[in-house]
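As structure tokens, the structure follows; a few thoughts come after it.
Residue numbers (the numbering used here): 14 to 219.
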């Protein structure tokens, strides 16, 4: 799954949008959202591709990978890091936390190109266990933090702790306004096939 990281290690991400740099200051304000909304919502769909099986086997957080080659031009313009959003799968809508990047913690086995890995968070609706090849829709709403490299010399414990924290942050943010209302976006329930990518306006998305 996500190559996220502890302080003091080499960063594997960027973070160019001003709204991202304001995250810490905004969280300090009691009236600010837990995770600020992105100026535009990246919305992508496609058949789930088989990945490296690292998220499930090594970390305990299985991920669904959308076919990176189909989105590469678009993903190149998307800051590497951890995002929160909604996932549409088999007619249901689920919370998700996604990593966009290269998984730099897996030294020697980094992703050769930027990809999106989504961990679907278990909730009221049961999450299917095996859906390779099925259509998945991801609507990214907010940016949690940049991707960084973890030191695995003492095992993946720090990375697992970071992912656990990201899942908790994402789940809480999606339960609260304004992110909770976007669960009802009709696009997430669309049954169209194939790979698509677009940027949606938060004020007009339905």
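All C-beta atoms in this analysis are idealised placements derived from N, C-alpha and C, irrespective of residue type, glycine included.
Being a predicted model, the structure only gives us computed values, none of them experimental.
1) Tell whether a beta-carbon distance below 9 Å holds between residue 201 and residue 100.
2) Smallest Cα separation from residue 61: which of 95, 129, 48?
3) For residue 177, collect the residues of the same chain with a Cβ closer than 8 Å to its Cβ; drop the 5 residues on either side in sequence, then sort them by chain order.
4) For a test of the three-state rule: what should DSSP assign to residue 144, helix, strand or coil?
5) In angstroms with no decimal places, state the Cα-to-Cα distance between residue 108 and residue 93.
6) Going by DSSP, what residues sit across from residue 98 in a beta bridge?
7) For residue 98, which residues in the same chain have their Cβ closer than 7 Å to its Cβ, ignoring the five residues on either side in sequence?
8) Who are the near neighbours of residue 133 in its chain, counting only those whose CB is closer than 6 Å to its CB and skipping five residues on each side?
9) In whole angstroms, what separates the C-alpha of residue 214 from that of residue 56?
10) The alpha helix (DSSP H) with residue 211 in it runs from where to where?
11) Can you give me the C-alpha to C-alpha distance between residue 147 and residue 170, rounded to a whole angstrom?
12) For residue 78 versus residue 131, is the C-beta spacing smaller than 9 Å?
13) Taking the alpha carbon of residue 48 as the point to measure from, which residue in 195, 209, 182 has its own alpha carbon closest?
14) Give the DSSP-derived three-state secondary structure of residue 184 in the structure shown.
15) Is residue 168 helix, strand or coil when you go by DSSP?
16) With distances taken between CB atoms, is the gap from residue 84 to residue 199 smaller than 9 Å?
17) At the level of alpha carbons, what is the spacing between residue 96 and residue 160?
18) Within 10 angstroms of the Cβ of residue 158, are there 16 or more other Cβ atoms? Answer buried if so, exposed if not.
A quick look at the data gives this:
1) yes
2) 129
3) Cβ contact annotation for residue 177 (same chain, cutoff 8 Å, sequence separation greater than five): none.
4) coil
5) 20 Å
6) 109, 153
7) 109, 111, 151, 152, 153, 154
8) Contacts found: 100, 107, 109, 140.
9) 10 Å
10) Per DSSP, residue 211 belongs to no alpha helix (DSSP H); it is in the beta strand (DSSP E), 209–213.
11) As the crow flies, the alpha-carbon of residue 147 is around 32 Å from that of residue 170.
12) Yes.
13) Taking only the C-alpha atoms, the option nearest residue 48 is 182.
14) helix
15) coil
16) no
17) 10 Å
18) buried
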